[in-house]
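Student: Sharing a structure below in structure tokens format, with a few things to ask.
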């Protein structure tokens with residue numbers, strides 16, 4: 005087949021920016037979503053800052069579990085702040101343009117923070133396993149050195165493993181089409197605009213999901229299965245109830261986090277018929293956990309509730 009003379013010019017054209025259109029199918033009234041999203045973002049920042057203040061001020065919370073919770077609070081705020089200002093700018097001011105470097109940077113940070121949150125959930129699950137199943141050895145195993153090494157390992161693992169995502173996306177050629185039916189720079193949403201083969205991008209995305217998220221989820225389920233097995237052998241119903249109560253908040257957040265990821269993956273295949281669903285789920289997945297995590301922990305943890313009371317009502321001691 006002969007190529008049209010104009011085709012070669014089009015194929016050489018490289019867009020200089022992307023246009024984030026927002027929520028597909030509801031562009032005319034999507035600005036009404038800005039209020040609940042802004043409130044969720046404000047709640048996420050406020051709740052996580054309170055968690056950090058409480059952990060810093062309360063000497064009784066100087067434990068590995070609360071250190072991991074503090075790291076989770078920082079990651080949650082980072083994740084929400086990576087996407088929400090741009091989403092609100094789109095909804096309020098129609099500031100839809102985003103340069104290619106900014107888009108790829110946002111793509112990297114989102115993947116890194118989501119992977120980091122998954123890694124912190126693993127650390128917290130292992131911490132609870134040792135505390136409940138091996139309580140006598142807990143002080144010797146979960147030392148300050150162990151906590152620092154685990155956190156640094158997770159940070160390095162996730163920051164390095166997610167680098168190829170934006171690098172591979174940046175190597176694609178983007179011509180003529182630059183409108184993204186999304187509020188943020190998702191890997192699949194951006195690379196779907198490329199004019200060349202993006203198979204490698206899809207393969208690495210799948211590989212990353214199975215190796216990082218899959219291994220994390222397997223370790224978490226193994227930890228809680230061993231915890232459940234150990235708890236069921238306890239003769240004391242009170243001790244068993246206390247142990248399960250400690251883990252309930254973790255499980256609620258973990259199940260929500262991974263369930264939404266699975267649903268997003270499934271609904272992405274149906275994006276042609278229901279384009280709004282995966283986009284809305286993707287946005288909510290990046291803003292609801294940061295708002296939900298500190299509240300669930302504060303409600304389920306007596307020490308955090310007491311610390312919150314002291315922070316909010318400084319005139320009362322207990």
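Numbering (the working numbering), first residue to last: 5 to 322.
We treat Cβ as the ideally placed atom computed from N, Cα and C, and that holds for glycine.
Using the Cα positions of residue 316 and residue 245, report the straight-line distance between them to the nearest angstrom.
Tutor: If you take the alpha carbons of residue 316 and residue 245, they lie about 30 angstroms apart.
Student: Are residue 279 and residue 268 touching if we call contact CB-CB under 8 angstroms?
Tutor: no
Student: Just the Cα atoms here: how many angstroms apart are residue 176 and residue 205?
Tutor: 9 angstroms
Student: Give the secondary structure of residue 22 by DSSP, where H, G and I count as helix, E and B as strand, and everything else as coil.
Tutor: strand
Student: Quick check on DSSP: helix, strand or coil for residue 213?
Tutor: helix
Student: Here's the rule: buried if 16 or more other CB atoms are within 10 angstroms of the residue's CB, otherwise exposed. What is residue 115?
Tutor: Here residue 115 is buried, its C-beta having at least 16 other C-beta atoms within 10 Å.
Student: What residue does the beta strand (DSSP E) around residue 103 start on, and which one ends it?
Tutor: Residue 103 -> beta strand (DSSP E) spans 101-103.
Student: Output the boundary residues of the alpha helix (DSSP H) element that contains residue 202.
Tutor: Where residue 202 is concerned, there is no enclosing alpha helix (DSSP H), given that its DSSP letter is neither H nor E.
Student: Is there contact between the stretch 153-166 and the stretch 87-104, where contact requires at least three CB pairs shorter than 8 angstroms?
Tutor: The count of Cβ pairs closer than 8 angstroms, one atom from the stretch 153-166 and one from the stretch 87-104, stays below three, leaving the stretches out of contact.
Student: Can you tell me the Cα-Cα spacing of residue 36 and residue 125, whole angstroms?
Tutor: Straight-line Cα distance between these residues: approximately 33 angstroms.
Student: Say whether the stretch 187-194 touches the stretch 284-292, bearing in mind that this needs 3 or more beta-carbon pairs closer than 8 angstroms, one atom from each stretch.
Tutor: yes
Student: Put residue 30 into one of helix, strand or coil per three-state DSSP.
Tutor: coil
Student: Suppose contacts are defined by Cβ-Cβ distances below 8 angstroms. Is residue 27 in contact with residue 102 by that definition?
Tutor: no
Student: For a quick check, are the C-beta atoms of residue 249 and residue 304 less than 8 angstroms apart?
Tutor: Going by C-beta atoms, residue 249 is nearer than 8 angstroms to residue 304.
Student: Leaving out five residues on either side along the sequence, give the residues of the same chain with a beta carbon under 7 angstroms from the beta carbon of residue 72.
Tutor: Excluding sequence neighbours, residue 72 sits near 124, 127, 128, 131.
Student: Under 8 angstroms between the Cβ atoms of residue 52 and residue 293?
Tutor: For residue 52 and residue 293, no; Cβs fall outside 8 angstroms.
Student: Quick check: the stretch 193-211 against the stretch 168-182, are at least 3 beta-carbon pairs closer than 8 angstroms?
Tutor: yes
Student: Helix, strand or coil, according to DSSP, for residue 124 in the structure here?
Tutor: helix
Student: Going by the beta-carbon positions, is the gap between residue 173 and residue 108 smaller than 8 angstroms?
Tutor: The answer is yes: Cβ separation under 8 angstroms.
Student: Nearest-angstrom Cα distance between residue 46 and residue 178?
Tutor: Approximately 35 angstroms, taken between the alpha carbons.
Student: Let's test the definition: count the other Cβ atoms within 10 Å of the Cβ of residue 306 and tell me whether it reaches 16, buried, or not, exposed.
Tutor: Exposed, by the Cβ-count rule.
Student: If you draw a straight line from the alpha carbon of residue 98 to that of residue 48, how long is it in whole angstroms?
Tutor: 24 angstroms
Student: So, using beta-carbon positions, are residue 218 and residue 58 closer together than 8 angstroms?
Tutor: no
Student: For residue 112, collect the residues of the same chain with a Cβ closer than 8 angstroms to its Cβ; drop the 5 residues on either side in sequence, then sort them by chain order.
Tutor: Cβ within range, chain order: 166, 167, 169, 170.
Student: Suppose contacts are defined by Cβ-Cβ distances below 8 angstroms. Is residue 2 in contact with residue 229 by that definition?
Tutor: In this structure the chain extends from 5 to 322, so residue 2 is not present and cannot be described.
Student: Go ahead and label residue 254 buried or exposed: buried means 16 or more other beta carbons lie within 10 angstroms of its beta carbon, across all protein chains shown.
Tutor: buried
Student: How long is the line joining the alpha carbons of residue 20 and residue 106, rounded to whole angstroms?
Tutor: 11 angstroms
Student: Under the DSSP definition of a beta bridge, which residues are partnered with residue 183?
Tutor: 23
Student: State the DSSP-derived secondary structure class of residue 176, mapped to helix, strand or coil.
Tutor: coil
Student: Identify which residue in 24, 182, 258 has its Cα closest to the Cα of residue 94.
Tutor: 24
Student: Within a Cβ cutoff of 6 angstroms, which residues of the same chain sit near residue 145, ignoring the five residues on either side of it in sequence?
Tutor: 134
Student: Run through DSSP, which three-state label would residue 245 get?
Tutor: helix
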